[in-house]
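Keeping their order, the protein sequence lines are chains E and X. Under the numbering used here, the residue at position 368 of the first sequence is numbered 368, and the numbers go up by one with no gaps. Under the numbering used here, the residue at position 355 of the second sequence is numbered 355, and the numbers go up by one with no gaps. Virtual Cβ for every residue (Gly too), placed ideally from N, Cα, C. These numbers come from a predicted model, not from an experiment.
There are 2 protein chains.
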Amino acid sequence: MHFSEPLPLQSGASLADYTLVYETYGSLNAERSNAVLVCHALNASHHVAGSYEGKPKSEGWWNNMVGPGKPLDTDRFFVIGVNNLGSCFGSTGPMHNNPATGKPYGASFPVVTVEDWVHAQARLADRLGIQKFAAVMGGSLGGMQALAWSMLYPTRIAHSLVIASTPKLSAQNIAFNDVARQAILTDPDYHDGDFYAHGVVPKRGLRVARMIGHITYLSDDDMAEKFGRDLRNAEYQFGYGVDFEIESYLRYQGDKFSEYFDANTYLLITKALDYFDPARAHQGDLSAALANTQAEFLVVSFTTDWRFAPERSREIVQALVNNQRHVTYAEIDAPHGHDAFLLDDARYMSVVRAYYDKVWRQLDVNAAVALGEAA
Amino acid sequence: MHFSEPLPLQSGASLADYTLVYETYGSLNAERSNAVLVCHALNASHHVAGSYEGKPKSEGWWNNMVGPGKPLDTDRFFVIGVNNLGSCFGSTGPMHNNPATGKPYGASFPVVTVEDWVHAQARLADRLGIQKFAAVMGGSLGGMQALAWSMLYPTRIAHSLVIASTPKLSAQNIAFNDVARQAILTDPDYHDGDFYAHGVVPKRGLRVARMIGHITYLSDDDMAEKFGRDLRNAEYQFGYGVDFEIESYLRYQGDKFSEYFDANTYLLITKALDYFDPARAHQGDLSAALANTQAEFLVVSFTTDWRFAPERSREIVQALVNNQRHVTYAEIDAPHGHDAFLLDDARYMSVVRAYYDKVWRQLDVNAAVALGEAA
């Protein structure tokens, strides 16, 4: 979807012209009331569910969650996945030409925030004729978007599903993000963000950035269980190649990531994470920040998530309770750390399924009331 | 101290010729029974205590712990600090010339292990005429050396003080070390370890390595307390300079470290950490590994240390208890994460002081018994 109305950004800059790439699943009902927006995290995209024809390995990143008969059931709901601005999977971002210069934006692409993304998503909803979402849902950075929706467009969202998220990053979270950024920014192939013109990619930096990130997505226990101190060979190698399987795994993840992800996008998105802090405009009072919300909430956290630990979700829950909002909270005892929000876990999936049953029943009741009023 | 007898290493390589730099504090008594060896961790040296003349800022890294009247009281004990092989603070390491080639070892310096260091330290003790240490003490990687001493030279150590340490690194510990190594190894200025010949230093890699390490030395809570989300300027900068104080702090730490630390040493020492696993030769049975120890032990951990958490110290304690060894264990409720072992904490310091009182009383009793036997 192309937009030619300028989008003012939180930084003071604005995007004159931009495109949002999106995918939809299921059908919008006649009342236009069954739309659910799914927001992506750092390295995902609009491709939430299903596979592309002839590409069985192209499964969407939340394919276990979204689809016919799945917890977010596309037989009931019209689901929209949208790629955010600044990303490298189709929507306008640093790899695209800046119409003002005719050259790729590179590092001059404006730093965008969670709130900027939400405003852009709201314009997409306008175009699609969706006045109010049955739900906005996301995990991690996606959960921040779901939370921001409830504050920025309180009348346009019935339910907010905030999974494995946080009301703001901690100093440690920011520290990890900044080390990752420094690895990219100091890679000689970064060329101040204009590496496209040099025909290179700052792969070394991206690779290290991803390795750091990946450690924070997994739990210590999960790593211990999956890899432990397993050796690639029978004996220590006494060199700097691969000794331990965990080294091999992380290097592979880093290599793979550096092949497809844009370095400027990595920088942008980690800044969006760092900047998210809705309580900031309210002297740090999250309850005040959430005072104007009207949605109902599902908040989910995972016990072994040390990136965004359960305590962070409980802050959100407490602030909502302080405002007497409807909030359901599930703390799932899952071993997989932050990544748990993407993985199958029977209890997690059943909590989300049950919540969407409630969302669905409310739509039915609303429809019946509307019919009754019409009659 | 120069050694011309070859030192066989665990890797199968050997060092033909090497020098160990050491410092001593206090006086060796007539019985040669009051010597305490203090072992250093990743980026420290033989300079444990005191300051050099005219350099008031040159305080030793454990100056709060070691000195006249301090918990390890140099009025009572003869304390030795030794710089380990492979380090960059004086003892033979990658920066030194390989006598076989006349050029710096660089990456060809053999990968050394905790056990190799202990054997080298034992030779130094031989030269100094110390048959048995009253105690061997260290924190973190230094604690591994204190533990290894109790296994490799059970009759030459009366007490082992193992602080903020672990019987082996976890997959997550290894992962952080490997990302740090990858940052160095992939820095174009690393030149396969021969950067000395190129007149450069892989500062970018060292800087990122140190930033990663530093995050793991501090606790989440401590970072939150010290830095939180404090901004350098009043508002977000919407760029990749410094926004948050934690970024400024970590970049400064990384810059400083990259000015003085040798990249090959960093690689070597992190491998020594990764490889330490005394239970490995006993099918993972730490109790079996510790079965031949004769020392008494003080084990100390810190509640907020997530690098080597209290659970890891408790494994050591349990294995010692299984062997019916004398072991004192203190779990200090300190906020400073792994770094706590270097910092002042009244409870921590008083535990160590009380333990050395016991060591001292035992020396007295032994001396009296010896006198009695002589009479």
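Considering only residues of the region 103–145 of chain E, which uninterrupted beta strand (DSSP E) runs meet the minimum length of 3 residues and lie entirely inside it, listed in chain order? Counting only unbroken stretches of 3 or more residues, the beta strand (DSSP E) elements lying wholly within the region 103–145 of chain E are 135–139, in sequence order.
I want to see whether chain X comes within less than 9 Å of residue 238 of chain E, judged by CB atoms only; does it? Taking the first residue of the first sequence as position 1, residue 238 of chain E is located at position 238. With its beta carbon less than 9 Å from one in chain X, residue 238 of chain E belongs to the interface.
Flag this pair as yes or no: are the beta carbons of residue 26 of chain X and residue 109 of chain X separated by less than 9 Å? Counting from one through the second sequence, the residue named residue 26 of chain X turns up at place 26. Counting from one through the second sequence, the residue named residue 109 of chain X turns up at place 109. The answer is no: Cβ separation not under 9 Å.
Coil, strand or helix - residue 343 of chain X by DSSP: Along the second sequence, one-based indexing puts residue 343 of chain X at 343. Reduced to three states, the DSSP call for residue 343 of chain X is coil.
Residue 182 of chain E touches chain X at which residues, Cβ-Cβ below 8 Å? In the first sequence, residue 182 of chain E corresponds to position 182, counting from 1. The answer, in chain order, is 207, 208, 211, 251 and 254.
Less than 9 Å between CB atoms is the rule here; does residue 215 of chain X satisfy it with respect to chain E? Within the second sequence, numbered from 1, the residue matching residue 215 of chain X stands at position 215. At least one chain E Cβ lies under 9 Å of residue 215 of chain X.
So is residue 293 of chain X buried or exposed if we call it buried at 16+ other beta carbons inside 10 Å? As a working note, residue 293 of chain X is residue 293 in the second sequence. Its Cβ being crowded by 16 or more others within 10 Å, residue 293 of chain X is buried.
Bridge partners for residue 88 of chain E per DSSP, in chain order? Position 88 of the first sequence, counted from the start, is the residue given in the question as residue 88 of chain E. DSSP output for residue 88 of chain E lists no bridge partner at all.
Quick check on residue 287 of chain E - is its C-beta less than 9 Å from some C-beta in chain X? Against the first sequence, residue 287 of chain E aligns to sequence position 287. Cβ-Cβ to chain X under 9 Å: no for residue 287 of chain E.
Cα separation between residue 39 of chain E and residue 88 of chain E? Position 39 of the first sequence, counted from the start, is the residue given in the question as residue 39 of chain E. Position 88 of the first sequence, counted from the start, is the residue given in the question as residue 88 of chain E. Their Cα atoms are separated by approximately 15 Å.
State the Cα-Cα distance for the pair residue 249 of chain E and residue 212 of chain E, rounded to the nearest angstrom. The residue you call residue 249 of chain E lines up with position 249 of the first sequence. The residue you call residue 212 of chain E lines up with position 212 of the first sequence. So the alpha carbons of these two residues sit roughly 13 Å apart.
For a contact defined as C-beta to C-beta under 7 Å, what are the partners of residue 172 of chain X on chain E? Counting from one through the second sequence, the residue named residue 172 of chain X turns up at place 172. Here the neighbours are 215, 220 and 223.
Whose C-alpha, out of E:14, E:318, E:251 and E:100, is nearest the C-alpha of residue 167 of chain E? Counting from 1 along the first sequence, the entry for residue 167 of chain E is found at position 167. Considering only E:14, E:318, E:251 and E:100, the residue with the shortest C-alpha distance to residue 167 of chain E is E:318.
Name, in chain order, the residues that DSSP records as bridge partners for residue 331 of chain X. As a position in the second sequence, residue 331 of chain X is number 331, starting the count at 1. DSSP output for residue 331 of chain X lists X:301 as bridge partner(s).
CB contact flag (residue 387 of chain E, residue 150 of chain E, <9 Å): The question about residue 387 of chain E has no answer here: the residues shown for chain E are numbered 1 through 375.
For residue 176 of chain X, which residues does DSSP report across the bridge? Within the second sequence, residue 176 of chain X is the residue found at index 176, counting from 1. BP columns for residue 176 of chain X are empty, so no partner.
With which residues is residue 19 of chain E paired in a DSSP beta bridge? What you label residue 19 of chain E is simply residue 19 of the first sequence in a count that begins at 1. For residue 19 of chain E, which the question treats as bridged, DSSP gives the partners E:2.
Sequence-distant residues of its chain with Cβ nearer than 6 Å to residue 291 of chain E (five each side left out): Counted from its first residue, the first sequence places residue 291 of chain E at position 291. 323, listed in sequence order.
Contact set between the region 259–281 of chain E and chain X, restricted to residues whose Cβ is under 9 Å from the partner: Within the region 259–281 of chain E, the residues whose Cβ lies closer than 9 Å to some Cβ of chain X are 267, 271, 274, 275, 277 and 280, listed in chain order.
For residue 280 of chain X and residue 226 of chain E, what's the separation of their Cα atoms in angstroms? Numbered from its first residue, the second sequence carries residue 280 of chain X at position 280. Numbered from its first residue, the first sequence carries residue 226 of chain E at position 226. The alpha-carbon atoms of residue 280 of chain X and residue 226 of chain E are separated by roughly 18 Å.
Could you confirm whether any beta carbon from chain E is found closer than 9 Å to the beta carbon of residue 185 of chain X? Reading the second sequence from its first residue, position 185 is the one you call residue 185 of chain X. So yes, residue 185 of chain X belongs to the interface.
Sequence-distant residues of its chain with Cβ nearer than 6 Å to residue 50 of chain E (five each side left out): Position 50 of the first sequence, counted from the start, is the residue given in the question as residue 50 of chain E. In its chain, beyond the 5 residues on either side, 60 have a beta carbon closer than 6 Å to the beta carbon of residue 50 of chain E.
With distances taken between CB atoms, is the gap from residue 171 of chain E to residue 353 of chain X smaller than 9 Å? In the first sequence, counting from the first residue as 1, residue 171 of chain E sits at position 171. In the second sequence, counting from the first residue as 1, residue 353 of chain X sits at position 353. Taking 9 Å as the Cβ cut-off, residue 171 of chain E and residue 353 of chain X do not qualify as a contacting pair.
Checking contacts by CB at 9 Å: is residue 246 of chain E closer than that to chain X? Here the question's residue 246 of chain E lines up with position 246 in the first sequence. Closer than 9 Å to the CB of residue 246 of chain E there is at least one CB belonging to chain X.
Rounded C-beta distance between residue 99 of chain X and residue 86 of chain X? I'm assuming under 8 Å. Your numbering for residue 99 of chain X matches position 99 in the second sequence. Your numbering for residue 86 of chain X matches position 86 in the second sequence. Not really, about 16 Å apart at Cβ, beyond 8 Å.
Residue 204 of chain X CB to nearest chain E CB: under 9 Å? For the purposes of this step, residue 204 of chain X is taken as the residue at position 204 of the second sequence. Judged by the 9 Å Cβ criterion, residue 204 of chain X is in contact with chain E.
Report the rounded CA-to-CA distance for residue 176 of chain E versus residue 156 of chain X, giving the unit in angstroms. Taking the first sequence and counting its residues from 1, the one referred to as residue 176 of chain E is at position 176. Taking the second sequence and counting its residues from 1, the one referred to as residue 156 of chain X is at position 156. Using only the alpha carbons, I get a separation of about 43 Å.
Would you mind working out which of E:234, E:283 and E:35 sits nearest residue 73 of chain E, comparing C-alpha positions? Position 73 of the first sequence, counted from the first residue, corresponds to residue 73 of chain E. Ranking the options by Cα distance to residue 73 of chain E, first place goes to E:35.
Comparing C-alpha positions only, which one of E:340, E:274 and E:325 sits nearest to residue 306 of chain E? Taking the first sequence and counting its residues from 1, one reaches residue 306 of chain E at position 306. In terms of CA proximity to residue 306 of chain E, E:340 leads the group E:340, E:274 and E:325.
When the cut-off is 9 Å and only beta carbons count, does residue 87 of chain E lie next to chain X? The count along the first sequence starts at 1 and reaches residue 87 of chain E at position 87. So no, residue 87 of chain E is outside the interface.
Under 8 Å, with one C-beta from each stretch per pair, do the region 176–196 of chain E and the region 102–118 of chain E reach the 3-pair mark? Yes, they touch.
So is residue 202 of chain E buried or exposed if we call it buried at 16+ other beta carbons inside 10 Å? As a first step, residue 202 of chain E must be located in the first sequence, where it is residue number 202. Buried, by the Cβ-count rule.
Proximity below 9 Å, CB of residue 183 of chain E to CB of residue 300 of chain E: One-based indexing of the first sequence puts residue 183 of chain E at position 183. One-based indexing of the first sequence puts residue 300 of chain E at position 300. No. Outside cutoff.
Below 8 Å, can you find three or more Cβ-Cβ pairs linking the region 205–221 of chain E to the region 252–264 of chain E? Verdict: yes, contact present.
Could you check what DSSP says for residue 159 of chain X in three-state terms: helix, strand or coil? For the purposes of this step, residue 159 of chain X is taken as the residue at position 159 of the second sequence. Shown here, residue 159 of chain X sits in a strand according to DSSP, grouped into three states.
What separation, rounded to the nearest whole angstrom, lies between the Cα atoms of residue 32 of chain E and residue 336 of chain X? The residue you call residue 32 of chain E lines up with position 32 of the first sequence. The residue you call residue 336 of chain X lines up with position 336 of the second sequence. The alpha-carbon atoms of residue 32 of chain E and residue 336 of chain X are separated by roughly 54 Å.
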